[in-house]
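For reference, the structure discussed in these notes is given below.
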Amino acid sequence: MSQRGGSLSPADRNRLVELQNDPNEEKKSPESEALMQFMRQAVQAGIPPHQAADIVFRAIRDERFYIFTDAVWRGAIHTRMEDILHEPNPTPIDLTQQSSGSTVTAAEA
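Counting in the numbering used here, the sequence shown runs from 11 upward without gaps.
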């Protein structure tokens, strides 16, 4: 995404210096790193902020509570809701269907 201000993921750059985490002390698990990489790829591949804003404003005008800017999540949400209603253990959901790399499941996230 080449648009300035188009991504929220590096928002820690705005954190006050005295509140920033020491990068030398951060120890992330391989699963956490894989999830962060997936999220970075998803943001880069996502729709431009102005298009997301249009979707959100349209949903507000239509008085819709749930707003989806990417239909790929509907299947994962449906599976999760079915698991809640029928009470089994959570079904692992491959969140990387649209990207390459390590598989991160909703149960791990």
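Just so it is clear, CB atoms sit at the ideal spot from N, CA and C, and this is done for glycine as well.
In whole angstroms, give me the CA-to-CA distance for residue i and residue j.
i, j, result
"P100", "R84", "16 Å"
"N34", "I70", "43 Å"
"L26", "E73", "36 Å"
"T115", "K37", "Unreliable positioning characterises T115 in this predicted model, as indicated by a pLDDT of 42, which lies under 50. The coordinate reading is nonetheless provided below. So the two alpha carbons sit approximately 21 Å from each other."
"A81", "I65", "12 Å"
Quick check: residue i and residue j, are their CB atoms within less than 9 Å of each other?
i, j, result
"T79", "A62", "yes"
"I77", "T89", "no"
Under three-state DSSP, which class holds residue i?
i, result
"A117", "Confidence in A117 is poor, its pLDDT being 44 and thus under 50, which makes the residue's placement too unreliable to answer from."
"D104", "strand"
"I70", "helix"
So, at 8 Å on beta carbons, what are the nonlocal neighbours of residue i in its own chain, with the 5 sequence-adjacent residues on each side left out?
i, result
"D93", "N99, P100, T101"
"M30", "Here the sequence assigns Gln to residue 30, which means Met is not the residue at that position. Result list for Q30: D22, in chain order."
I'd like the span of the alpha helix (DSSP H) that includes residue i, first residue to last.
i, result
"E43", "40-55"
"P33", "Per DSSP, P33 belongs to no alpha helix (DSSP H) and is neither H nor E."
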